[in-house]
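Student:
In the numbering used here, the protein residues as written are 656 to 822.
1) Name the two residues that bound the continuous beta strand (DSSP E) containing residue 670.
2) Roughly how many angstroms lie between the CA atoms of residue 762 and residue 683, to the nearest whole one?
3) Once you ignore the five residues that flank residue 723 on each side, which residues in its own chain have a CB closer than 8 Å to its CB?
4) So, helix, strand or coil for residue 772, using DSSP?
5) Rank 710, 687, 759 by C-alpha distance to the C-alpha of residue 731 and give the top, closest one.
6) List in chain order: all unbroken beta strand (DSSP E) runs of 3+ residues lying wholly within the region 733-786.
7) From the DSSP output, in three-state form, read off residue 725 for me.
8) If you follow the beta strand (DSSP E) that residue 856 is in, where does it begin and where does it stop?
9) With DSSP as the reference, label residue 704 as helix, strand or coil.
10) Whole angstroms is fine: what's the gap from residue 809's alpha carbon to residue 657's?
11) What does the Cβ neighbour count give for residue 739, buried or exposed, with the cut at 16 atoms within 10 Å?
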């Protein structure tokens with residue numbers, strides 16, 4: 656059974672933002688560690704190497720992708736433990752990503768944003784980010800990791816429909 660997609664696509668002056676949220680019953684610093692420390696990211700997206708800091712580039716291994724490729728990620732902003740902004744370029748174009756964390760009582764709210772030049776791109780990227788964020792949740796809980804086949808292509812129409820409403 657396919658997990659229910661939760662993201663939204665919102666119009667912006669430069670295209671659209673794909674926005675997906677997750678909640679964790681954990682302190683903000685603990686969640687920050689899960690999304691920034693290489694030994695933690697290795698469990699849900701892949702390890703990274705290099706010297707981290709704003710304006711610097713690290714190499715991230717997409718460990719759960721076919722061939723486990725490495726990609727260069729530029730750190731555009733890093734404001735521990737609240738905000739991380741990254742960018743990259745590959746054969747598919749430019750990727751501009753943001754993770755924001757907010758403490759809300761005993762929980763931490765994570766907001767993921769991918770800045771898109773075309774809202775229709777959410778049809779392919781939305782299911783992928785749902786998958787990776789659920790991988791993060793599962794890795795933190797020690798639960799079995801989800802299968803990408805449960806997300807794509809079954810969530811594609813949801814994101815294409817959501818994207819079209821923003822055009």
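Every residue gets a Cβ at the ideal spot worked out from N, C-alpha and C, and that includes glycine.
Tutor: For this structure:
1) 670-679
2) 8 Å
3) Taken in chain order, the residues that qualify are 701, 716, 717.
4) Coil at residue 772, not helix or strand.
5) 710
6) Segments of the beta strand (DSSP E) lying fully in the region 733-786: 738-745, 748-759, 762-771.
7) strand
8) Nothing can be reported for residue 856, as the shown portion of the chain is limited to 656 through 822.
9) strand
10) 7 Å
11) Taking a 10 Å sphere around the C-beta of residue 739, we find 16 or more other C-beta atoms and assign the residue as buried.
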